[in-house]
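The sequence shown maps to residues 1 to 216 in full-length UniProt numbering.
We put the CB at the ideal spot given by N, CA and C, even for glycine.
Okay, so here's the structure we're looking at.
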Amino acid sequence: MTAAPAPDVLAAFEEAKGFMPLDEGLALHGAALTAGRLGLPLLEVGTYCGRSTVLLADAARASGVTAVTVDHHRGSEEQQPGWDYHDPETVDPEVGLMDTLPAFRRTLYRAGLEEHVVAVVGRSPQVAGIWGTPLGLVFVDGGHTDEHATADYEGWAPHLAEGGLLVIHDVFPDPADEFTGQAPYRIYLRALASGAFTEVSAAGSLRVLRRTGAGV
Ligand SMILES: C[S@@+](CC[C@H](N)C(=O)[O-])C[C@H]1O[C@@H](n2cnc3c(N)ncnc32)[C@H](O)[C@@H]1O
């Protein structure tokens, strides 16, 4: 399915802070529309300020399903003060730590998509450990260390239904192209090597795989 996101959704996407270029966002949206046909929730790891979430939410609305997005909202390693991807505006001055939840809520409100999203504030492996519903799509865009990317894959891929889509962001096969490490590339390779996933498409650093067998 290739229907474009609604104009107000695209405007909210463009306005939101975040790390997803438009071509990858449209590929994510298209994958979410396809996955939405399974009638199961679409899950994102790595909400940040909601840039990618609004695209999943738009597809969820069109498909009559719910988008779930998980983040502790304290930022990844490379987003902390002193690192390349730090944005001082994301720091809560009262507690002195990053808090991207307020910006995320504003993004979702602007897009008019609040009722299509369940936002879970917590650590991805902890949430995955108590999760019990099959998913139509898992979008992995959380922490980019091997520890975090592996935990996201091992925590969420088992919940992906047969025919569901595993979407991985920041897959950089060439180390010269990457800025935040190659852990996403390694879980992409692991998914393919498992025999449980088949690659469907690629756009920039975004990879879309379909669950075609059991296991991880
Ligand atoms: C690259 S950003 C997500 C970008 C977002 N998808 C977008 O399109 O702009 C990664 C996010 O993952 C979150 N994160 C990192 N490790 C996490 C973990 N173990 N559990 C939950 N969230 C985590 C960070 O707080 C951060 O907001």
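Pairwise C-alpha distance: residue 95 and residue 24
34 Å
Specify, as a first and last residue, the run of the beta strand (DSSP E) that residue 136 falls within.
135-140
Taking Cβ positions, are residue 65 and residue 136 nearer each other than 8 Å?
yes
Simplified DSSP assignment, three categories, for residue 196:
coil
Do you know how far the Cα of residue 101 is from the Cα of residue 46?
11 Å
Integer-rounded CB distance, given that residue 199 should sit under 8 Å from residue 189
With 8 Å as the limit, residue 189 and residue 199 do not qualify as a contact, their Cβ atoms being about 11 Å apart.
Any non-hydrogen atom of ligand 1 closer than 7 Å to residue 141 Cβ
yes
Can you find the residues in the same chain that come closer than 6 Å, C-beta to C-beta, to residue 171, ignoring five residues on each side of it along the sequence?
184, 185, 188, 205, 207
For residue 123, which of helix, strand or coil comes out of DSSP?
coil
Spatial neighbours of residue 146 in its chain, beta-carbon cut-off 7 Å, leaving aside the 5 residues before and after:
183, 186
Same chain, Cβ closer than 6 Å to residue 110, neighbours up to 5 away in sequence not counted:
12
Using CA coordinates, which residue listed in 38, 33, 5 is at the minimum distance from residue 222?
Here the chain comprises residues numbered 1 to 216, so residue 222 is not present and cannot be evaluated.
Less than 8 Å separating the beta-carbons of residue 125 and residue 159?
no
Would residue 151 count as contacting chain B if we go by Cβ distances under 8 Å?
In the structure shown, chain B does not exist; there is a single protein chain.
Figure out for me which residue from 173, 18, 58, 174 has the closest Cα to the Cα of residue 115.
58
Out of 144, 52, 39, which one is the CA nearest neighbour of residue 79?
144
Looking at the structure shown, is residue 53 part of a helix, part of a strand, or coil, going by DSSP?
helix
Start-to-end residues for the beta strand (DSSP E) that takes in residue 71:
67-71
With a threshold of 16 other CB atoms inside 10 Å of the CB of residue 149, please say whether the residue is buried or exposed.
buried
Check each candidate in 43, 61, 173 and name the one with the smallest Cα separation from residue 120.
43
Applying the criterion that 16 or more other CB atoms from any shown protein chain within 10 Å of the CB defines a buried residue, is residue 81 buried or exposed?
exposed
Only counting the same chain, and skipping five residues up and downstream in sequence, which positions put a Cβ closer than 6 Å to that of residue 139?
44, 167
In the DSSP output, what is residue 98 paired with across the bridge?
91
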